[in-house]
Amino acid sequence: MTQQHAGAGRKLTRNQTLVLGALHSGGGPASAYDLLDRLRDEGMRNPLQIYRALNALVGQGLVHRLESLNAFVACAHPHEHGEGGEGHDHGLIAFAICGACRSVEEFSDPEITRRLADWAAAHAFRPDHTILEMRGTCAACRG
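So, in structure tokens, the structure goes:
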């Protein structure tokens with residue numbers, strides 16, 4: 828069973844659709860085990876089901892893994908991915924993570940992307956994967 832992902836031209840399995848829906852409705856980052864708890868009533872009982880769905884969704888660029896939290900968030904800009912879901916057309920993705928409320932803002936900045944690419948070129952370094960996470964306190968929690 829597959830479902831068309833709205834606007835992206837991608838077909839998702841039932842499990843992928845459930846996981847993506849849980850991430851969209853969850854209000855913040857979720858670990859695989861958080862997702863398993865949320866989706867038990869939907870028939871998802873095995874962590875492997877969650878991990879397979881997450882791996883596919885990350886591969887399609889519909890979900891991001893937050894390394895510092897060991898958690899996942901739905902992509903805020905899934906329509907901006909290139910062919911095959913590899914990378915955003917607008918460059919490197921960065922995340923601002925609030926330590927107080929766990930909110931996550933996804934953003935990109937062409938200047939950051941350019942500077943990292945320039946540094947890599949100047950040092951003959953070929954990055955395989957770049958994740959930029961900024962931790963702090965959001966305006967809502969500060970004020």
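So the numbering used here is basically just the index in the sequence shown, starting at one, shifted up by 827.
Glycine included, each C-beta is placed from N, C-alpha and C at the ideal position.
Rounded C-alpha distance that separates residue i from residue j
i, j, result
"Val-890", "Leu-845", "13 Å"
"Ala-949", "Thr-940", "14 Å"
"Met-961", "Glu-932", "10 Å"
"Arg-953", "Trp-946", "10 Å"
"Leu-850", "Ala-966", "23 Å"
"Glu-894", "Ile-958", "8 Å"
"Ala-903", "Ser-852", "13 Å"
"Pro-937", "Leu-862", "33 Å"
"Asn-873", "Lys-838", "22 Å"
"Tyr-878", "Asp-868", "17 Å"
Test item: CB-CB of residue i and residue j under 8 Å
i, j, result
"Asn-882", "Ser-858", "no"
"Ser-930", "Gly-855", "yes"
"Ala-923", "Gly-970", "no"
"Leu-884", "Leu-847", "yes"
Residue environment, residue i, which counts as buried when at least 16 other CB atoms sit within 10 Å
i, result
"Gly-888", "buried"
"Arg-865", "buried"
"Gly-886", "exposed"
"Ala-901", "buried"
Residue nearest to residue i in terms of C-alpha spacing, selected from the options
i, options, result
"His-956", "Arg-892, Tyr-860, Lys-838", "Arg-892"
"Ala-880", "Asp-868, Ala-944, Thr-840", "Thr-840"
Expected contact under 8 Å - CB spacing of residue i and residue j to nearest Å
i, j, result
"Cys-968", "Ala-921", "About 19 Å separates the two Cβ atoms, so there is no contact after all."
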